[in-house]
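Quick notes on the structure that follows.
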Amino acid sequence: MNRNHQSQNTLHHRTNYPDENIMSNSNYRSDGPGPVEIESVNNENFIQSFRGKGPKGYIRSDERIEEEVCKILARDRDIDASSIDVKVENGIVKLTGPVRSRQEKFAIEDAVENVSGINEVKNDIKVQKNYDAFSYEF
């Protein structure tokens, strides 16, 4: 395939590749099925990303958002989410439950805020100094 070939169906057209091994060049990153050019120091090579922009009228279901939020919390090695309750309604994520510190409270919010489909994160997590995850009543 000719890299300089321009098609009407092509959304992103790059006219120059610095070398054949573009993944080793610091101006490129892998972002899905192939390399995506990222912003260079002087913005000459910047190409806008449309990741996360679905078809007109598409709304991600609350169930899928909740599933992804729970997966993110379960996989994060620095977060004990065993007492965190996650509810999603109309794209609004509500987090409740106890944690040991303010850092943990906001780390949880930071971990989930960029999930696709979220309109807002309501962080109602409470910091409890004498926190015991196994004795907390919901």
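Residue numbers for the sequence shown, in full-length UniProt numbering: 1 to 138. Backbone N, C-alpha and C define an ideal beta-carbon position, used for all residues, glycine too.
Throw me the rounded Cβ distance for the residue i and residue j pair, which I believe falls under 8 Å.
i: residue 112; j: residue 105; result: About 12 Å; that fails the 8 Å criterion.
Quick one: is residue i buried, meaning 16 or more other Cβ sit within 10 Å of its Cβ, or exposed?
i: residue 120; result: exposed
i: residue 115; result: buried
i: residue 84; result: buried
i: residue 29; result: The predicted position of residue 29 is uncertain, since its pLDDT is 43 and thus under 50; no value can be drawn from it.
Under 6 Å Cβ to Cβ from residue i, same chain only, skipping five residues before and after it: list those, please.
i: residue 76; result: 111
i: residue 31; result: Residue confidence for residue 31 is low, a pLDDT of 46 falling below 50, so the modelled location carries little weight; the figure read from the coordinates is stated next. Correct list: empty, nothing qualifies.
Taking the CB atoms as reference points, tell me whether residue i and residue j lie closer together than 8 Å.
i: residue 143; j: residue 108; result: The chain is shown only over 1 to 138; residue 143 falls outside these bounds and no answer can be derived.
Going by Cα to Cα distance, which pick from the options is closest to residue i?
i: residue 65; options: 48, 49, 122 and 92; result: 92
i: residue 82; options: 48, 122, 96 and 89; result: 96
i: residue 57; options: 129, 117 and 86; result: 117
i: residue 89; options: 103, 63 and 123; result: 63
Counting only beta-carbon separations shorter than 8 Å, does residue i have a partner in chain C?
i: residue 92; result: The displayed structure is made up of one protein chain only, and chain C is not part of it.
Please list, in chain order, all residues of the same chain as residue i whose beta carbon is under 7 Å from its beta carbon, the five residues on each side excluded.
i: residue 68; result: 115
i: residue 87; result: 94
i: residue 70; result: 86
i: residue 127; result: 99, 101, 102 and 105
Skipping 5 residues on each side, what residues in its chain have a beta carbon closer than 8 Å to that of residue i?
i: residue 74; result: 81
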